[in-house]
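Participant: Protein chains in written order, with the working numbering: chain B, 333 to 640; chain Y, 133 to 367; chain S, 66 to 296; chain W, 20 to 333; chain H, 933 to 1359. Backbone N, C-alpha and C define an ideal beta-carbon position, used for all residues, glycine too.
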Amino acid sequence: MEIGPYLMLASLEGAVTAAVLALTAVGLSLVFGVMRVVNVAHGEFFMLGAVLAWWVTGLIGGHPALGFAMALVLVPVLVAGIAVAADMTILKRIAYDPERTIVATIGILYIIQQVTLMTYGPEARPVTPPFNTRLALPWVEFADGAPRLYWPWGLSTTSYKLGVIAAAGGVLVGVWALMARTRIGLLMRATQLDRDMALAFGIPVERVYALVFGIGAGLAALAAVLIVPIQQAHYLMGGDPLLLSFIVVIIGGLGSLPGTVLAAVLIGLSDGIISVFFSPTLAKILATLLVALVLVFRPQGLFGARPR
Amino acid sequence: MTLLSTQGLSRNFDGLRAVHDVDFDLPEGQVRALIGPNGAGKTTFVSMLCGRILPSSGRVMFGGKDISHLPAHRRINLGMAYTFQITSVFANLSVFENVALAARRRVAGAEVAPVVNAVLGRVGLHERPDQNAGDLSYGHQRLLEIAMGLAQAPRLLILDEPTQGLTDQEIADFKALIGDLKATTTILLIEHNMSVVMEVADIVTVLNFGEVLAEGPPEAVHANPAVQAAYLGTG
Amino acid sequence: MLELDGINVAYGKAQVLRDVSLSVAPGEILCLLGRNGAGKTTTMKAIMGLLPLMSGRVVVNGTAVSDLPAHKVPAVGVGYVPQGRRLFGELTVAQNLEIGLRVRRGGPEVLDGVLALFPRLAERWSQRAQTLSGGEQQMLATARALCLQPSVLLLDEPTEGLQPSMIEAIRQVITVMRDRGVAVLLVEQRVDAVLSVADRVAFIENGRNLETLPAEALRADHAIVERHLGV
Amino acid sequence: MRDGRKTLGLHLGLLALLFALQFVLPAYHHGNLARIMVLAAYAVGYNILFGYTGLLSLGHALFFAAGMYGMGLLVNQTGAAPLAALMAGVIAGALVAAALGVLALRTEGVAFMIVTLMFAQAGYLTVLYFGAYTRGDEGFVIQQAQRVMAGIDLSDPSNRYFAGLLVFGLAMLINLWLVRTRFGRVLIAIRENEERARMLGYDVFVHKLGAVVLSGTISAMAGASYGLLFGYVGASFASVQYSIFPLLWVLLGGAGTVIGPFLGTLFMFYLIDLSSGLTTAYMLIAGVALVLLTLFAPQGLAGELRNRVWRWLP
Amino acid sequence: MTKSNKTPTRREAMKTLALGAGAASLPLWARYAGAQSSAPIRIGFQVHRTGIGAAYGRWYDRTTTAAAALINEGGGINGRPVEIIAEDDGTDPKRGAEVVEKFATQYNCDIGFGTLFSHVVIGSAPRAGELKLPYFVVSEGHHVASGMLNRYTLQPGITDVKSQVQAMAPFVANTLGKKVTMIFPDFAFGHDHRDYFTAAIEAQGGQVLEHIAIPPTETSFTKYFPKIPRDTEVIYHVMVGPAVLTFVKELGEFFGPQRPEMFGFIDSLEAVDISSPGLEFLEGTYFWEGNPRQAQADQSPYDAFYRERVGVDANGASVDDARDVSTYSHMFGCWETLHVVKAGMEAAGYAGPQDRASLIEAVEAMTDMPHSNAHPQGAKLFNGKTHQVFGHQYITKVTGGKLLLVHTTSIEDTLYPDEADYTTQAF
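In structure tokens, the structure reads:
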């Protein structure tokens, strides 16, 4: 394929990755920003989202869109509930101590993974997309000095992939509105900025923490519901989103939601675009080193303020 | 001979002029007190001397050498010692180990223990070498800070509010300690307690709004109405 | 009415407050004086429930707030202006005040009352708190506490680092609050700033409170202050 | 210093106990303990950076694998003698650690975690990328004939046990020695209060770099030994899991204690081994155990021991 | 799942032995029972219950359980019942080696058996060799025949990947096209495909235009497909792991209506329902199958018997759940290997661990394995020197949503010169 259409295809694919990654990472970023804890189990909430989406869509007959819509609503809530329970029974009791939280969430990770394996099994299972049409895409070429459209071989996407990008964008706007425009968002931000002062002004910090942990997990689950018609639900699928979300959150600058979204777009796109120019594994190595070096030379992240 | 001097030393934080264009000279062997109201820039100023904060502009000279671009640990190794304003001891380590860490800058092996014990004796902490530093009272933690400064046997000892939280007796002992040290060490002291300043300082420098307001012998400075106004806020 | 009854507080293993007892009556300004590290700020935090008590009680208007979780303390009517202001820096003036109002569900009339005391804040309404000047930040910190219509007001070094004109403005607000029947607990290092407003002065040293005297007595005999603070 | 003698007594006692155990243990546990000792040496290496210097790395698999592949590729590609290959593995680990340290130490906190993680991930992918030599994920075998060092067959159970003991003993004694040196004391000081250590005139960067290199070298020694003793070199040892394991072992055993890494490794190994015999849901048991430990023994096993019984434990 | 995980206890096995005589010939049973101790033969079964191989592990477990039950019904081995001792290896080489050690020293197993993923095999085999535990793997990797392992490791139940791949080349070149683009995972298994197929297709006068190696753990693939050259006549694809379905779907979406011919290894769809949403475009494409999952029109009685005993329906799914598709192209290896073990033990007069060497010698001495209930996948030829078995390979075409057989390779197609001779190694 010529370089132009190839880049466009890689960008489109990157955009889907970025959309889902942005949702997952924003969830992690919220937890990280407000609660100052590293949630190693975040990827498992993502996985639970995918697995539950398979389960919920299986409950309902009729048009696939029906079950999918149901999953879209129900699954994030279910996963958020599980996360809130984990927060209240475990994290709260260890007072959100950073190191202990890492161990505890690794424990939660093992528990969720094993329970999923025992109930759902080891297979990768598909969910039917609510809609899915292959859309061939045009490209411009110059023939005899005049631009003209043509349809290059292989340049295409699907309506569902575009739908995922749009849906993720919508949800991100919603999260932004929640944080910036609502009373509860105000309380969350206040808690993030100064926990003690939040307490001193009557903000029930523990409840805010439980809520944030739930919303964070719910966003990861929502991202998984969106991706599961493209990738299948599998009990080990949580590892990659966890690693990538971490990278995105750090690159974006701790606790900065716009930074997180931008970083997700950058990482999602760079992975695809670098793969245009190098052999796939080498591209992965280079992309990984690139991210590491960005952090080495800008430790506060691309969009974080440099601490004095 | 001038041990330490600064030329046009300035530091801004987000538009706030914490320290502005300070020229400062400290001769070898002097006890200098640096005073000024809260927020006058005293701690920022000494932080720039020892390299914790980089200046926005200006130079720092130490022992005739331009040290403006040296990292903090290199400056300390040239013979500066710094005690923190807020107690900053190693809370989970023993009192002995705290001082030993400082002493090991210049002695090693079997020589460490005698130095540490001697220093602890000088500040009056010799009875509790095994206690965790974090379990000491606030006043004792301040004494430990001073002990860590002493253990380095520095050419210049910078003490940031050393008598905060000390009892009257401890303050009296501290004054005597400074009297002892005078012979061997140049001392720069940030201090709120005027009785300490009046008794131990050779020269007092007054900072206000990041600039040198007055400088001179303690009595003269104390009598200076501008200083009174700034320091006691009665203007 | 604020009462501290023999409270003991530790940071980790180091005990910071020992048997501190105080009381502040409505319409009274009690000033807590002591050197850095004596335990003044710790006393404030202990009242707010931000540090656990080892023993003792804190009672506000008959409610033992020391038995409540920290976030329920302000709703009893305790407004806190912490040292260093500690505003929610990324939030706007309006949002900072909204958080204060929320505590006791104060309506627009409460906000109007507070803004009447600090008209400057109305001009800075949608500015982010961290972009305000030092004096404005202190106003906002005070206003935020007043938004919860406190019957007890805690102020920790409210004049630190401020210009004289700003200090005067803050002092007037404190006086207004006292006149409205608020019990004010004020921590200050600058004695002169204290003596002109305080009704009584309590000295604290090494975590213990020493004598509590009427401010009159200190104004008459400055030596008492020097004895305790060594200035 | 009576504590010094107690310390030495305890740790030499542990080594003596481990030495004696080989004569009484049933074959299976004998073999397990040999493994555990080599892995515990890895944990000891990790602990020098995490427990003593306060730097949480998520990239130690890179060092473990550097040692393992440094050794294994030399043996496999050039037929080098095991001892030389072992040394090469250790040196490879030291070099990789130095390079990573210079870069990663520009960051701190969570960024340090992520940077080390990324470099280790790049290392893992590199192993796959050079599949022609490494056989990628599949790995390769170090044949029994190539595992004879100075006439000693390392595949023999008692030789292997002894070698494992040697590796672990060496790592532990280095650690014990470290905490008594000025360098080690400064590392602890940096962990406790970095700014204060700097203002005592210590070059914090150089000390941290030294800790990364020492930690990486010991990890590489464990990796090289593991490959040599158990005859297999594979990419799974370079994967992120093998960066998380030492963290878990150390946290469980007690960060910043000399004996903790061994206890944690032993505990985790048998937790999985025993529960895996009882049920297929052993991960569930491991997960629950981790959660319970964080709730009730937050300092890890040795840390709790130090808090409650042996205050002198280093 | 619990049911299939259950391993027969000794008492149950004895009961089966006693009651199940109807299925077995009494004289056979009587002969062995009289001659030998009746303590069970313990077979350590290293199973991928967790980790990346878990989907395969589950079916390996079912097949093994079914084969062991059949053998026990038939009187066991040398009159002794077979006891399967299964332990999870987490699909991890380190744990795999530990599990082998546990079989040898803790459970006193007679042999170790059943491993699929090649890194687990390679990680475990050195230990098996040191512990002198016969280790029968079912992994289709070329590592046994390459000589990398040791005399105690054997693969008598399934053809290795090198054979499979080279046997495909004539069909691909002659039926589908000579210009091939290969897409494979970028690790050892994929490299085997790359190396052996490239050589084999060149021998057929074809050429590989492009090798596209996909990094492991990759979850989205479209971005790599533009590397496929325009003049490609055949896409050769093989992928493993949980993302296989995504891979195949995205391949379809990439090409849309004008795709080249496609030839895939069924690994890309093992345990996946061919009628899953998004796979419609596979209609008319070809697959290598180790053992056709669809019961063919001319199904052998042996396949029917095997299918019934394991509990697989005509579409290759579980009889209990039509959505639960088996790993049919690999799992037969467990069944056949257990039968080879039985034959070997009986030939060697195996009585206990002291006879392990004779067991290996007995297996090494095997050559022809006829198509039978013991070898339902087809006839096989065992090479005692390389410890590797060779058998027929199948090519099926997706026709009306079913995988229908279009070509069966000969055993000769799979043969290549020996690369090792384990029989020269000392025990």
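Going along chain B, which residues have a C-beta under 8 Å from Tyr76(S)?
Facilitator: Simply none; closest approach about 14 Å.
Participant: Skipping 5 residues on each side, what residues in its chain have a beta carbon closer than 8 Å to that of Gln445(B)?
Facilitator: The residues are Glu376, Met379, Tyr567, Leu568, Gly570.
Participant: Can you tell me where the alpha helix (DSSP H) with Val369(B) in it begins and where it stops?
Facilitator: Val369(B) -> no alpha helix (DSSP H), and no H or E assigned at all.
Participant: Can you give me the C-alpha to C-alpha distance between Ile1343(H) and Leu1313(H), rounded to a whole angstrom?
Facilitator: Spanning the two alpha carbons is a distance of roughly 8 Å.
Participant: Please report whether the beta-carbon of Arg284(S) lies at a distance below 7 Å from any beta-carbon of chain Y.
Facilitator: For Arg284(S), the answer is no, since every Cβ of chain Y falls outside 7 Å of its Cβ.
Participant: Kindly indicate if chain B contains any beta-carbon less than 7 Å away from that of Ala1203(H).
Facilitator: Cβ-Cβ to chain B under 7 Å: yes for Ala1203(H).
Participant: Under a CB-based cut-off of 7 Å, is Lys1155(H) close to chain B?
Facilitator: Chain B contact via Cβ: present.
Participant: Closer than 9 Å by beta-carbon distance: list the chain B residues that pair up with Met113(S), in chain order.
Facilitator: The contacting residues are Asp528, Leu531, Ala532.
Participant: Along the stretch 989-1023 of chain H, what residues have a CB closer than 8 Å to any CB found in chain W?
Facilitator: Result list: Glu1019, Asp1020.
Participant: Ignore the nearest five residues each way along the sequence and tell me which others in Leu197(W)'s own chain have a CB closer than 8 Å to its CB.
Facilitator: So the list reads Ile67, Tyr71, Gly203, Leu206, Leu233, once near-sequence residues are dropped.
Participant: Distance cutoff 7 Å, beta carbons only. Does Leu324(W) sit that close to anything in chain Y?
Facilitator: So, not an interface residue.
Participant: Whose Cβ in chain H lies nearer than 8 Å to the Cβ of Met302(W)?
Facilitator: Simply Thr982.
Participant: Going straight from the alpha carbon of Gly195(Y) to that of Ala315(Y), what length do you get?
Facilitator: Cα to Cα, Gly195(Y) sits roughly 18 Å from Ala315(Y).
Participant: Count the C-beta pairs between the stretch 195-212 of chain S and the stretch 158-171 of chain S that are closer than 8 Å, then say yes if the count reaches three, no if not.
Facilitator: Counting Cβ pairs under 8 Å, three or more are found: they touch.
Participant: Select from Val1170(H), Thr1085(H), Glu1296(H) the residue whose C-alpha is nearest the C-alpha of Gln1096(H).
Facilitator: It is Val1170(H) whose Cα lies nearest to the Cα of Gln1096(H).
Participant: So, helix, strand or coil for Pro1117(H), using DSSP?
Facilitator: Strand, per DSSP.
Participant: Can you give me the Cβ contacts of Ile278(W) inside the same chain, cut-off strictly under 6 Å, excluding the 5 residues immediately before and after it?
Facilitator: Ala321, listed in sequence order.
Participant: Starting from the Cα of Ser244(W), find the closest Cα among Leu189(W), Ala216(W), Gly272(W) and give me that residue.
Facilitator: Checked all of Leu189(W), Ala216(W), Gly272(W); the closest Cα to Ser244(W) is Leu189(W).
Participant: With a threshold of 7 Å between beta-carbons, can Pro631(B) be considered close to chain W, or not?
Facilitator: Judged by the 7 Å Cβ criterion, Pro631(B) is in contact with chain W.
Participant: Can the beta-carbon of Ala552(B) be found closer than 7 Å to that of Gly359(B)?
Facilitator: In this structure, Gly359(B) lies closer than 7 Å to Ala552(B) by Cβ.
Participant: Would you mind stating whether Val225(W) and Ala62(W) have Cβ atoms separated by less than 7 Å?
Facilitator: No, they are not a contact pair.
Participant: Three-state secondary structure (DSSP) at Arg201(W)?
Facilitator: Here Arg201(W) sits in helix by DSSP.
Participant: Excluding five sequence neighbours on each side, which residues of the same chain lie with their C-beta closer than 6 Å to the C-beta of Gly1265(H)?
Facilitator: Val1070, Gly1089, Ile1090.
Participant: Would you say the beta carbon of Glu302(Y) comes nearer than 6 Å to a heavy atom of the ligand MN?
Facilitator: With respect to the ligand MN, the structure offers nothing, as it holds no ligand at all.
Participant: Report yes if the C-beta distance between Thr1341(H) and Ala1099(H) is below 7 Å; otherwise report no.
Facilitator: Yes; because the gap between Cβ atoms is below 7 Å, this pair is in contact.
Participant: At 7 Å on the CB atoms, spell out the chain H contacts of Arg466(B), in chain order.
Facilitator: Those within 7 Å of Arg466(B) in chain H are Glu1185, Gly1188.
Participant: Which residues of chain W have a Cβ atom closer than 8 Å to the Cβ of Val628(B), listed in chain order?
Facilitator: Those are Leu122, Ala123, Arg125, Thr126, Val134, listed as they occur along chain W.
Participant: Do Leu69(S) and Val125(S) have their CB atoms nearer than 7 Å?
Facilitator: Contact flag unset, no.
Participant: Kindly give me the distance between the Cβ atoms of Val472(B) and Pro479(B), rounded to whole angstroms, as I take these residues to be in contact under 8 Å.
Facilitator: Rounded, the Cβ-Cβ distance is 5 Å, consistent with contact.
Participant: Against chain B, does Leu82(S) count as a neighbour if the rule is that its beta carbon must be under 7 Å from one of theirs?
Facilitator: With 7 Å as the cut-off, Leu82(S) does not count as an interface residue toward chain B.
Participant: In three-state DSSP terms, what is Ile984(H)?
Facilitator: In the structure shown, Ile984(H) sits in coil (DSSP, three-state: anything other than H, G, I, E or B).
Participant: Using a Cβ-Cβ distance under 7 Å, would Ile1043(H) count as near chain B?
Facilitator: Chain B, which has no Cβ nearer than 7 Å to the Cβ of Ile1043(H), makes this no.
Participant: Residues of the stretch 428-442 of chain B in Cβ contact with chain H at a cutoff of 7 Å, in chain order, please.
Facilitator: Within the stretch 428-442 of chain B, no residue has a Cβ that lies closer than 7 Å to any Cβ of chain H.
Participant: Which of the three DSSP states is assigned to Ile199(Y) in this structure?
Facilitator: DSSP places Ile199(Y) in coil when its eight states are reduced to three.
Participant: Rounded to whole angstroms, what is the Cα-Cα separation between Ala1000(H) and Val1251(H)?
Facilitator: Their backbone Cα atoms lie some 19 Å apart in a straight line.
Participant: Check whether the stretch 182-190 of chain Y and the stretch 245-262 of chain Y are in contact - that is, three or more C-beta pairs closer than 8 Å.
Facilitator: Touching, no, given that fewer than three Cβ pairs across the two stretches are closer than 8 Å.
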